[in-house]
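The structure appears below as structure tokens.
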Amino acid sequence: MATFFGEVLSVYSRAVEEDEEEVDENEEDAEIRRELEEKREVNLHWSPEVSESLKSGNKLLCSEFILAVGHNAARFLSVYALTSENWDALGRASVWNERSGGVASEESTCAFYRPKDNPAVLICQVTCYLSEDQLFQWTEKVFDCLQLRQLNVTVLSESSVSEFKTADYLSSSSAPFLRSLHSAAFSGKPVCKSLEQPNIVTGLQAAVLNHCEVHRIPSVVYQCYSDVIGPDSVTMETFKPTLTKLGKSIKLDPSPSTDILRKIVRTTNIQSNLYI
Amino acid sequence: MFISSENSPPCFKDFTLVMPAVAVGNVGQLSVDLIVSTLNMSRVGYMHTDCLIPMTGNNPYATSNENAEELHTPAEVYMAAELKLAVLQIRAPIIQSKSKKFRQLLVSWIKSSGFSRAVVLSSSQAYQRDDQQMKGIPLRYLLTPSLLKDSEDALKELSWREMERVSAYLGLTDANTEPRLYVPGGGITKGLYTDSCAEDVPLAVLILFCSEGDNIPDAFTLVNHLNDWLHLLDDPSQKPNKWKIPTSWNLLFGSGIPPALF
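The listed protein sequences correspond, in order, to chains A and B.
Note that my numbering numbers the first sequence so that position 58 is 58, with each residue one more than the last.
Add 1000 to a position in the second sequence, counting from 1, and you land on the number used in my numbering.
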């Protein structure tokens, strides 16, 4: 469009991408597209006994599925639940996309655990980046492996407080805080306030909650809004109220030692000391 | 695919379907919000698909604390049985590589549900109009062949204009470039229209020319035009604002301002 000064600017819509006229694909283009789609597929790698069980048509018997999405949520579970030696590593998901590059480092993983003494509980920590087109696929593939009867799902997730819309300006002292969303089938009482209008939740937590809503699985998402980017012990501790609900299904360490906390939370490295 | 949220699946036979295209200014989606909110329509099912970016939230049409905590998904179907009206609301962007799949999903669902007609509310970039399109009201329509004979007279009576075909390259009068249908910023509008023509689906498209910005007035314009045709609201009082704005429209342009800013 033309501006007041006569220059011509491109105008972008926040709703739609520029139209792509559908070009007839030749064989080579179609082949490249298929290969790229295959590369972007979410792959689940279970332990041998789980794979055997799934192959013979028996899904994982699970009454509690606890999913942690993001570094603080994952670290919270690591510190308060996974520190004891009582957990079996059941499997992991490998995901390739443009941001992840497929390298599973300590910083970005997707791993499943089950307590040795209570095989009906499944914990999953997702710290890798899943792109928008992989979220639905991850959810369908994982839930396909679970026995759905009497399943309850709890999701711990995080977001920046700048994404939280409220009429009263939030002073920095109010963050971090928790908000919840639950599916219609959920009959319990969430441990915090429900997410107010006009806020929404996106990402893996939204994909999982949608799946549970549509398939009538009781589930609840606890999202922590924090003003700190990156792992932080105060943000992690905000998830503590969820322990009361989680404590019913898994043995939790209510006051982990400072050594464990120190190991888990590394201080952010100063990238540059130019402005110190 | 459509999954019912009730215990028995709803029957859409001979209903009119109204749905938005995710397009410039989100005008179609805002208009659909006004329809669902004003007519107090109840949700009857979800469109559960991998073609949309996942998002979720509490009831955007909440009127009280009792109905505030109801989860809603990116694409849902609402119904007003007494008006024989069904509405599909789409709340999330369509994943680009899946737009063709999404169009096919919609067309086959419209056919299998037995809708008597489907109306797509869409919008197009105002700055890309050619001279013809800048004349008259900024509303245009498209009708597929199967809906043409039933509805064209009604639309002509309302003095609506059909969406003009434009030349591929403005200014060039090359005999080889045939004027063609072009809906810039319309998302899947053109594709959905051409697919519906090919599959003999009775589809109408209403396109509003607009720009990005505060598109609430555009939503009101579009929904009022739709009402002139379909008579969804029979309000004899001629009040300018008979549509109810849902609570989810709060804070469209961000949170409250920090007082320390001034």
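Beta carbons are placed, not taken as given, at the ideal position from N, Cα and C, and that holds for glycine.
These figures come from a predicted structure and were not determined experimentally.
Taken in chain order, the unbroken stretches of beta strand (DSSP E) that lie wholly in the segment 1057 to 1144 of chain B and span 3 residues or more are 1075 to 1080, 1085 to 1090, 1117 to 1125 and 1139 to 1143. Put simply, the backbone Cα of PHE1012(B) is about 16 Å away from that of GLN1089(B).
Taking all protein chains in view, the Cβ of ALA30(A) is surrounded by fewer than 16 other Cβ atoms within 10 Å, so the residue is classified as exposed.
Residue environment analysis places MET1134(B) among the exposed positions, since fewer than 16 neighbouring C-beta atoms fall within 10 angstroms of its C-beta. Using a 10 angstroms sphere on the CB of THR244(A), the tally of other CB atoms stays under 16, which defines it as exposed. Boundaries for CYS1210(B): no alpha helix (DSSP H) harbours it, while the beta strand (DSSP E) harbouring it runs 1203 to 1210, taken from the DSSP string. DSSP lists MET1079(B) as the bridge partner or partners of SER1042(B). Counting only residues of its own chain and dropping the five nearest sequence neighbours on each side, THR1073(B) has a CB closer than 7 Å to the CB of TYR1046 and THR1056.
Counting along the chain, the unbroken alpha helix (DSSP H) around GLY1191(B) starts and ends at 1189 to 1198. With contacts defined by Cβ atoms closer than 8 Å, CYS1051(B) and LEU1105(B) form a contacting pair.
The beta carbons of VAL1022(B) and ILE1094(B) sit about 6 Å from each other, so the pair counts as a contact at 8 Å. Collapsing the DSSP output to three states places TYR129(A) in coil. For LEU209(A), the neighbours in chain B by C-beta distance under 9 Å run, in chain order, PRO1054, THR1056, LEU1071 and THR1073. For MET236(A), there is no enclosing beta strand (DSSP E); the residue is part of the alpha helix (DSSP H) that begins and ends at 233 to 237.
Segment contact: the segment 1027 to 1047 of chain B against the segment 182 to 196 of chain A, fewer than three CB-CB distances shorter than 8 Å; contact not assigned.
For ALA74(A), the enclosing alpha helix (DSSP H) has its first and last residue at 71 to 80. Annotation: the continuous beta strand (DSSP E) that includes SER160(A) extends over 152 to 160. ASP1131(B) and ILE1137(B) have their C-alpha atoms spaced approximately 13 Å apart.
Listed along chain A is no residue with a C-beta nearer than 7 Å to that of TYR1169(B); the closest approach is about 14 Å.
Taking 8 Å as the CB threshold, GLN1089(B) stays off the interface with chain A. Short of 7 Å from the beta carbon of VAL1223(B), and not among the five residues preceding or following it, lie these beta carbons of its own chain, in chain order: SER1031, LEU1034, ILE1035 and TRP1243.
For GLU1006(B), no CB of chain A lies under 8 Å from its own CB, so it is not counted at the interface with that chain. Taking 8 Å as the cut-off, the Cβ atoms of THR1038(B) and ALA1075(B) do not count as close. Under the 8 Å criterion on CB atoms, GLU1162(B) is classed as non-interfacial with respect to chain A.
Neighbours of ASN1250(B) in chain A, taken as residues at a C-beta separation under 9 Å, are given in chain order as LYS165, ALA167, GLN197 and PRO198. Assigned with DSSP and collapsed to three states, SER63(A) falls in coil, not helix or strand.
Taking a cut-off of 8 Å on C-beta distances, the segment 249 to 258 of chain A does not touch the segment 91 to 102 of chain A, as fewer than three cross pairs fall below it. Take the alpha-carbon of ALA111(A) and the one of VAL69(A): they are about 11 Å apart. Bridge partners of MET1019(B) according to DSSP: VAL1120(B). Taking C-alpha positions only, LEU1203(B) is separated from GLU17(A) by approximately 24 Å. Contact between VAL1119(B) and LEU1206(B) holds: their C-beta atoms lie close to 7 Å from each other, under 8 Å.
Sequence-ordered contacts of the segment 1018 to 1032 of chain B with chain A read VAL1022, ALA1023, VAL1024, GLY1025 and ASN1026 [C-beta pairs closer than 7 Å].
Counting only residues of its own chain and dropping the five nearest sequence neighbours on each side, CYS1197(B) has a CB closer than 7 Å to the CB of THR1144 and PRO1145. Annotation for ASN199(A): no alpha helix (DSSP H) segment contains it, and DSSP assigns it neither H nor E. ILE1053(B) sits close to GLU132(A), with the two beta carbons spaced by under 8 Å.
Residue VAL1183(B) holds the alpha-carbon nearest to the alpha-carbon of VAL1166(B) among VAL1183(B), SER1159(B) and LEU1155(B).
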